[in-house]
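Asks: Numbering (my numbering), first residue to last: -1 to 607.
(1) I need the straight-line Cα distance from residue 270 to residue 423, nearest angstrom please.
(2) So what does DSSP say about residue 301, is it helix, strand or coil?
(3) Name the residue from 167, 119, 237 whose alpha carbon lies nearest to the alpha carbon of residue 266.
(4) So, are the CB atoms of residue 31 and residue 317 less than 8 angstroms apart?
(5) Note down, in chain order, each residue of its chain lying with its Cβ closer than 8 angstroms to the Cβ of residue 307, except the 5 sequence neighbours on either side.
(6) At what residue ranges does the segment 11 to 66 contain a whole run of the alpha helix (DSSP H), taking only runs of 4 or more?
(7) Return the CA-CA distance between residue 622 and residue 155, expressed in angstroms with no decimal places.
(8) For residue 77, which residues from the same chain have a beta carbon less than 7 angstroms from its beta carbon, with the 5 sequence-adjacent residues on both sides left out?
(9) For residue 80, which residues of its own chain have a beta-carbon under 7 angstroms away from its beta-carbon, when the five flanking residues on both sides are left out?
(10) Just how far apart, CA to CA, sit residue 426 and residue 262?
(11) Should the segment 441 to 453 be called in touch with the segment 407 to 424, which here means at least 3 C-beta pairs below 8 angstroms?
(12) Run through DSSP, which three-state label would residue 317 get?
(13) Considering only C-alpha positions, which residue in the set 213, 47, 192, 404 is nearest to residue 305?
(14) So is residue 105 buried or exposed if we call it buried at 16+ other beta carbons inside 10 Å?
(15) My output table needs one value for residue 184: the three-state DSSP class, helix, strand or coil.
(16) Tell me whether the beta-carbon of residue 268 lies closer than 8 angstroms to the beta-carbon of residue 337.
(17) Per DSSP, which residues does residue 440 bridge with? Please list them.
(18) Residues in its own chain within less than 6 angstroms of residue 21 by CB, not counting five upstream and five downstream?
(19) Quick one: what's got a C-beta closer than 7 angstroms to residue 364's C-beta in the same chain, skipping five residues either side?
(20) Following the continuous beta strand (DSSP E) through residue 418, name the residue where it begins and the one where it ends.
(21) Is there contact here, the segment 275 to 282 with the segment 209 to 229, by at least three beta-carbon pairs under 8 angstroms?
(22) Ordered along the chain, which non-local residues of its own chain (more than five positions away) have a Cβ less than 7 angstroms from that of residue 291?
(23) Tell me whether residue 487 sits in a helix, a strand or coil according to DSSP, three-state version.
(24) Write down the C-beta distance between residue 368 and residue 429 rounded to the nearest angstrom, noting that I regard them as a contact closer than 8 angstroms.
(25) In angstroms, rounded to a whole number, what distance separates the CA positions of residue 17 and residue 129?
(26) Under the criterion of a Cβ to heavy atom distance below 7 angstroms, does residue 51 qualify as lining the ligand MN?
(27) Whole angstroms is fine: what's the gap from residue 526's alpha carbon to residue 460's?
(28) Just the Cα atoms here: how many angstroms apart are residue 153 and residue 161?
(29) Using the beta-carbon count (16 or more within 10 Å), is residue 481 buried or exposed?
(30) Measuring straight from C-alpha to C-alpha, what distance separates residue 182 and residue 126?
(31) Determine the DSSP secondary structure at residue 686, reduced to helix, strand or coil.
(32) Is residue 387 closer than 8 angstroms to residue 362 when the C-beta atoms are compared?
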């Protein structure tokens, strides 16, 4: 039975026509909900051996209909292909003629229009009828599987071909049923199968794409597991060698411990291998189900008639949705066995039982990794954070080269990013956006995207300050006494406020283009110019306050005259010539929208610590 049945344009895998139980060509093939097909007799025998019934191929539990195996659907296009294969191979007695029912001999041709097999005698008779002279008669040597499609007949009206599909009932019907039992009304909507078949073909192609994508992922994981299995002896041997080298230096005192550790390694060999074998087996079953579904969809698309496609789509959809929604971990999580020397030799002498041991390193589980995304400000260093976790949710080390970060602005251009590991498994991602709106942040570990990737970073503009005593200049954000940044917000917007100030005799840290005095600047109110609320910064007895006006950067496209001005201040006013009083000062800023004459307010607090 092995091999392939060859034809001009088609190749039918003989295995597709062979029952997995009896290893023979299907006899009355019945299809299970998992899309695997078996002989009816084989299923009946299998069902008597076990209850409930498990699929012989994928071992999925199957609920039989009330009629038992008889209630399972017949795989009609497999039946069709079996007939086709018999005709192509010239099997004896072969498939009987469908006109004379084999009385005149075996089949020799196929009428494409009538969709019937004809013997040589019936072929000659068929050609004599005037109404059939235009029919295409194909000799079985030139017959293609795509042309060999038996017509499906109604079970109620046996002489009627199934030519309609009732969408509410989801069943194929003949013309008689479409007039009587499925007449067009609120409950029935018969549609020609040609129209619905085209839609079902597209649906099957979509399902096929999803299955193939999932199968590709499963195959990748399976390949990695097989690679780990092949490399497992190497890591085991390396661990044994390390243990041997270590204990050879302490042979007198550590011989017993050496044997114990090696025995532990050897005993763990089977455990690790069994674990990987189990994962391999699970992936093989997963892949088997996906491959079967894929093959089912392909065969239906390539060889099925419209009626077959409609039936196959319904069967395939239920199985494919089940496969795709089944919670299966497709992430490979191989382990390595590494020998650990333990503590120093002197400690080993005092505490022999704690000397040496077996260390198993677990690789990162991309499914467990997470990214924390924070809002960003134009031209300001912004940060997001990545956690690399193992299968148990614990932080784990990952080589920097295995982490890939890509940031794109709204126009699709890549922006520079910096990746730094703050702690084992905790990563800082920094970047400086240049434009507002949402940026795309793609994070991958071991070339696999982290769950939720790509992420979207919202970028806003910053409020800037200008000096009243000199030419207008932009200023960097100011930090508070605890190193935080003073931040303002306007509705959904946020901005950094910052002065540029110096203090005689004081030392400070440079932040961007600004130098911030120590101790941190306090905020006062310039009462000498109440119509232009401003703020002064200084520190201690050597304070030399400078006055600043704060204004908002106006977004592009704003109305003429639109901007922001500070209007209300609470607290004790402080003259510009005096140091700022300690304590908190609150101020508010009014949004001036220009010609629209409406306003928005936001409030900022700055407290001296």
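No residue lacks a Cβ here, since even glycine has one placed at the ideal position from N, Cα and C.
Replies: Taking the structure as given:
(1) When rounded, the distance between both Cα atoms is 25 angstroms.
(2) helix
(3) 237
(4) yes
(5) Once the five neighbours on either side are set aside, the close Cβ partners of residue 307 are 195, 198, 199, 202, 298, 299.
(6) 38 to 47
(7) This structure does not reach residue 622, given that the chain is present from -1 up to 607, and the question cannot be answered.
(8) 27
(9) If we look at residue 80 and ignore the five residues flanking it on each side, its Cβ neighbours are 15, 23, 24.
(10) 39 angstroms
(11) no
(12) helix
(13) Taking each of 213, 47, 192, 404 in turn and checking the Cα distance to residue 305, the smallest one comes out for 192.
(14) By the neighbour-count rule (16 or more Cβ atoms within 10 Å), residue 105 is buried.
(15) coil
(16) no
(17) 404
(18) none
(19) The beta carbon of residue 364 sits closer than 7 angstroms to the beta carbons of 329, 443, 444, 446, 448 from its chain, once the five residues preceding and following it are set aside; these are given in chain order.
(20) 415 to 421
(21) yes
(22) 33, 209, 314, 317, 318, 321
(23) Low local confidence applies: a pLDDT of 34 at residue 487 is under 50, so the model's placement there is unreliable, and no value is given.
(24) With 8 angstroms as the limit, residue 368 and residue 429 do not qualify as a contact, their Cβ atoms being about 19 angstroms apart.
(25) 42 angstroms
(26) This structure lacks the ligand MN, and indeed carries no ligand of any kind.
(27) Residue placement at residue 526 cannot be trusted, given a pLDDT of 38 that sits under 50; what the coordinates show is reported in the next sentence. Roughly 28 angstroms separates the two Cα atoms.
(28) 13 angstroms
(29) Because the pLDDT at residue 481 is just 34, under 50, the model does not fix this residue reliably, and the point stays unresolved.
(30) 40 angstroms
(31) Nothing can be reported for residue 686, as the shown portion of the chain is limited to -1 through 607.
(32) Remark: C-beta atoms of residue 362 and residue 387 approach each other more closely than 8 angstroms.
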